[in-house]
Structure formats: C-alpha cells, structure tokens
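The structure appears below as structure tokens.
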Amino acid sequence: MHAVPDSPDNAHSTRDGVDPIRAARISARIDRLPAVATIWKLVALLSIGGFFELYDLFQTAYISPGLIRDGLFATGAQGVFGFSDQAAFASATFLGLFLGASLLSPIADRYGRRAIFTFALIWYTVATVLMGIQTSALGIICMRFLVGIGLGIELVTIDAYLSELVPKRMRSSAFAFAFFVQFLSVPSVALMSWWLVPQDPFGIAGWRWVVLASAVFALFIWWLRSRLPESPRWLAQHGRFSEAEKIMDDLEARCLKDHGQALDEPETHNVAVEGKGRFADIWQPPYRRRALMLIVFHVFQAIGFFGFGNWLPALLSGQGVSVTHSLAYAFVITLAYPLGPLLFVKFANRFENKWQIVGSALGSMIFGTLFAQQTTAVGLIFCGVMITFCNAWLSFSYHSYQSELFPTNIRARAVGF
Numbered sequence: 034m035h036a037v038p039d040s041p042d043n044a045h046s047t048r049d050g051v052d053p054i055r056a057a058r059i060s061a062r063i064d065r066l067p068a069v070a071t072i073w074k075l076v077a078l079l080s081i082g083g084f085f086e087l088y089d090l091f092q093t094a095y096i097s098p099g100l101i102r103d104g105l106f107a108t109g110a111q112g113v114f115g116f117s118d119q120a121a122f123a124s125a126t127f128l129g130l131f132l133g134a135s136l137l138s139p140i141a142d143r144y145g146r147r148a149i150f151t152f153a154l155i156w157y158t159v160a161t162v163l164m165g166i167q168t169s170a171l172g173i174i175c176m177r178f179l180v181g182i183g184l185g186i187e188l189v190t191i192d193a194y195l196s197e198l199v200p201k202r203m204r205s206s207a208f209a210f211a212f213f214v215q216f217l218s219v220p221s222v223a224l225m226s227w228w229l230v231p232q233d234p235f236g237i238a239g240w241r242w243v244v245l246a247s248a249v250f251a252l253f254i255w256w257l258r259s260r261l262p263e264s265p266r267w268l269a270q271h272g273r274f275s276e277a278e279k280i281m282d283d284l285e286a287r288c289l290k291d292h293g294q295a296l297d298e299p300e301t302h303n304v305a306v307e308g309k310g311r312f313a314d315i316w317q318p319p320y321r322r323r324a325l326m327l328i329v330f331h332v333f334q335a336i337g338f339f340g341f342g343n344w345l346p347a348l349l350s351g352q353g354v355s356v357t358h359s360l361a362y363a364f365v366i367t368l369a370y371p372l373g374p375l376l377f378v379k380f381a382n383r384f385e386n387k388w389q390i391v392g393s394a395l396g397s398m399i400f401g402t403l404f405a406q407q408t409t410a411v412g413l414i415f416c417g418v419m420i421t422f423c424n425a426w427l428s429f430s431y432h433s434y435q436s437e438l439f440p441t442n443i444r445a446r447a448v449g450f
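So the sequence shown is residues 34 to 450, counted in our numbering.
Below, the structure is given as structure tokens:
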C-alpha cells in the first residue's frame, strides 16, 4: 500500500478550505513514512541550502583579518561608528538576523516553506556578492546588514521546513544529519580564508574571493528548488489538500519502493489539528511559557555560540597568535563543527533533546573556561575543538527541540520570534 485512498469529497479545487480531519490525515501519512533513502534525500537537499547559509554567516570571523590588513577596517575609535569596524560588522550581521528572524520569518507561514526558502537564499546570495565589491567599511557593513536579514529568514524557514517534511520519530536524527552537512561550511570558509585572505590572487584581495565564492552557490538555487516539494503539512493547514495529497502520493510511492514492504497505517487520532495561526497564538497557553523559555535560552546560547564562532581568529590573535597562524588554528578547530552532529546521527533519537541541550551547554561552559587559561597551541586547539563540538551538539539539539514545541500554523512565526 503506497497511498491512502481518498474519500469522494477529496476531489476539490486547489484551495479546498481547512478541513481538520483531512489535515490530520496528511500529517499522519507523513509520520508513518519509514526512514528510507527518499526521506534522507529531502533532508540532504535542505541541508545543502543550509550549507550556503552558514558559509555566509561564519564569514564574519574569517574575513575580518583581511579587511583590517587591507586598511578597510579600523580598530578602536577610528572605526566608522566610533568603535571597531569588526565589531560593527558583526553587529550588522546580527541586527539583520534579528530583523529577518523576528519580523520577516512569518512570511514563511503565509507564503509557504519552499517559496521563502528559495527567496531568502537568493536574497542573501545577491547581498553577499554586493558586499564583496564594496570599497569602504560603511558599504561593507551596510551590505552585511542586508545579508543578515536574508540569513534570519532562512534560518527559521529551514527549521520549519525540515521538521514538517520528516516523520516526527526521526526529527532529531534528521536535524543531526542536516547540521552535519551545514557545518561542513564552517571548515570550508575557514580553509578558504586561511589560504586566500593573506594573499591577493590576480591582484584581487583574498577576502573578496572568499565572499564572492557565494556567487557560485547561486547556481544550485534552482536545482535545489526543483527537487524540493512544498511542505504537505503547510499546504493542508491552508486548505490546499489537492496539492498536499498529490505530494504525499508521490512520496509514499517512492518510500514504498525504497522500503520494499507495505507502509504502516496512518494513526490519524494521534495528530493535533490547528486552524490558521496568528502572532497572538504564541502567547496563549501552553505556548506562552515555551516562548518565554526560548527567549531566555536564546539570549545566552547566542552569546556562547556566536560569540566564540564569530570572534575565534580574533580571540586567538589576542593570545599572541599571528594572523596566519590564527586562521590555521581556527581551521583545525572548525573541523569539530560537522563532527559533533555526525557522531549523533544514529543516536540523537535515543535521548531527549532537552537533556542533550543541558549536557552540551555544560560542556561548552567547562571548556570555555579552560580555553581562556591556555597559553600553548595544543591547549588552545584542544579546548577550541571541544567548545566547537559542544556548540555544534547544542545547535542541532535545540533546533529540533524548538521546532517541536509549536504547531505547523505558527511554527515559523514562533521560532523566528
């Protein structure tokens, strides 16, 4: 059996109106799918989009030494805004992320995961290319702000998209695999920066090559889009059952072929059904306490995760390491980013996400304290690797956790806020 027979009233137009029973059945059909190659291919495609995103995001740390070397960025009070241009660069990134994630991410709830996934990808790719051709600190910082907006939208959209495309029982492992692929971008940008930033290939500053490499990624955008279906759960929540059921028929047929045996019967009674979502719904029980908890959590995790990741070469330089060596050490340390999620792909579903969050945060705290006391290359690299490993573990755990705390109709809106 590869598809659920439709009832006579299922042959409606594209927008059929919200039917709670039919919406529940769509969700149940997704949740009964086996963890086969078809599902993992969808996870991989979304992860490639996330790879582009994190490549752009982590440029903050690795191109700054080149910008300072070329005289575009000033330190201290000589900066454009009266303080370090590197600090302004990082601040512009996260201000854009804040606006994109909190104010603009709800468009993914309105217009669909697939459309906004593609739109945000194009947005921050174009903005990054524009940043790469700027000739002043102000121009670079302003373009970086626009990049951050696109990244903020994409961050939330990928989380919502991924959590809705895979069966709920395999979400933790799916997020672990997704972050393994996405975090491969961090050593990639670190390696390119180590190689290119100290040089001027063909008379063009090395940091520009690192940034403009994003243009190559744009070639994958339409290829990705053509192979990703819209979220059936999102379509069902908007009454577009004909489209949702067509996608499910195709997914079930492909999963049946991979699985080699009949699929389980969908358990509709286990699926919660929601109507159209509003921002006010976030502040209604039981979601209010969850939202407040996540707000507090994200204040602290952002300081620990991005504070270390975006300032790593600068932190190493502050310990007396040269620019070239700081980029080399940073590259070695970033290898732990994909390693953490990879080791947990098979085990992530066996442990509750909340305990994984606690364990990884504790590890980051311990090794962060030790990192500040190191004076040797071996000590700096070892503690840096362990901080990075724990941060990567924390990242995929909380992304999976927060996506499960809210229903489909407010997921992007709530997680973004």
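C-beta: ideal position from N, C-alpha, C; glycine also.
Using the beta-carbon count (16 or more within 10 Å), is residue i buried or exposed?
i: Arg62; result: buried
i: Tyr88; result: buried
i: Ala447; result: buried
i: Thr168; result: exposed
i: Thr151; result: buried
i: Leu451; result: The requested residue 451 does not occur in the structure, where the chain is confined to residues 34 to 450.
i: Phe384; result: exposed
i: Thr367; result: buried
i: Ile328; result: exposed
i: Tyr95; result: buried
i: Glu298; result: exposed
i: Val214; result: buried
i: Gln435; result: buried
i: Phe235; result: exposed
i: Ile54; result: exposed
i: Arg202; result: exposed
i: Ala381; result: buried
So for residue i, helix, strand or coil by DSSP?
i: Ile420; result: helix
i: Lys74; result: helix
i: Glu437; result: helix
i: Arg311; result: coil
i: Phe212; result: helix
i: Ile237; result: coil
i: Arg323; result: helix
i: Phe91; result: coil
i: Gly129; result: helix
i: Asp103; result: coil
i: Gln294; result: coil
i: Val37; result: Confidence at Val37 is low in this model, with a pLDDT of 40, below 50, so its placement is unreliable and the value that follows should be read with caution. Correct three-state label for Val37: coil.
i: Phe380; result: coil
i: Glu197; result: helix
i: Arg177; result: helix
i: Gly373; result: helix
i: Asp282; result: helix
i: Ser218; result: helix
Would you check if the distance between the CB atom of residue i and the CB atom of residue j is smaller than 8 angstroms?
i: Leu128; j: Phe210; result: no
i: Ala363; j: Leu345; result: yes
i: Trp426; j: Gly373; result: yes
i: Leu184; j: Tyr157; result: yes
i: Pro98; j: Leu348; result: no
i: Cys288; j: Val69; result: yes
i: Asp52; j: Asn442; result: no
i: Ser138; j: Thr190; result: yes
i: Asp118; j: Ala110; result: no
i: Ala170; j: Val230; result: no
i: Phe1; j: Phe250; result: With the chain represented from 34 up to 450, any question about residue 1 goes unanswered, as that position is not in the structure.
So, at 6 angstroms on beta carbons, what are the nonlocal neighbours of residue i in its own chain, with the 5 sequence-adjacent residues on each side left out?
i: Leu438; result: Arg323
i: His432; result: Asp192 and Phe208
i: Leu75; result: Leu198
i: Phe450; result: Ser135
i: Val378; result: Ser206, Ala209 and Phe210
i: Ser80; result: Ala211, Val214 and Gln215
i: Val304; result: Below a pLDDT of 50, predicted positions are generally treated as unreliable, and Val304, at 48, falls in that range; the measurement from the model is reported next regardless. These residues qualify, in order along the chain: Ala57, Ser60 and Ala61.
i: Ile186; result: Gly133, Leu137, Ser138 and Ala153
i: Ser218; result: Phe84, Leu87 and Tyr88
Using a Cβ-Cβ cutoff of less than 7 angstroms, which residues in the same chain neighbour residue i once the five nearest sequence positions on both sides are dropped?
i: Gln294; result: none
i: Ser430; result: Asn386, Gln389, Ile390 and Ser393
i: Met225; result: Val243 and Ala246
i: Met164; result: Ile173, Met176, Arg177, Val180 and Val244
i: Ala160; result: Met176, Leu179, Val180 and Gly183
Spatial neighbours of residue i within its chain, please: C-beta separation below 8 angstroms, excluding the five flanking residues on both sides.
i: Ile59; result: Pro265, Arg266, Leu268, Ala269, Phe274, Ala277, Glu278 and Met281
i: Pro220; result: Phe364, Thr367, Leu368, Tyr370 and Pro371
Out of the options, which one is the CA nearest neighbour of residue i?
i: Asp283; options: Asp52, Leu66, Pro53 and Gln435; result: Leu66
i: Asn320; options: Arg444, Gln119 and Ala57; result: Contrary to the premise, residue 320 reads as Tyr rather than Asn in this sequence. Among Arg444, Gln119 and Ala57, the Cα nearest to that of Tyr320 belongs to Arg444.
i: Pro262; options: Gly145, Val365, Leu376 and Ile101; result: Gly145
i: Gly239; options: Trp228, Val249 and Ala248; result: Trp228
i: Ser397; options: Asp52, Thr408 and Ser428; result: Ser428
i: Ser124; options: Ile182, Ala153, Ile149 and Ser80; result: Ile182
i: Asp314; options: Leu171, Phe250, Gly342 and Pro440; result: Pro440
i: Phe338; options: Phe312, Ala107, Met419 and Leu296; result: Met419
i: Trp256; options: Ile414, Leu78 and Trp73; result: Leu78
Considering only heavy atoms of the ligand MG, does any lie closer than 7 angstroms to the CB of residue i?
i: Ser124; result: For the ligand MG, the structure offers nothing, since it holds no ligand at all.
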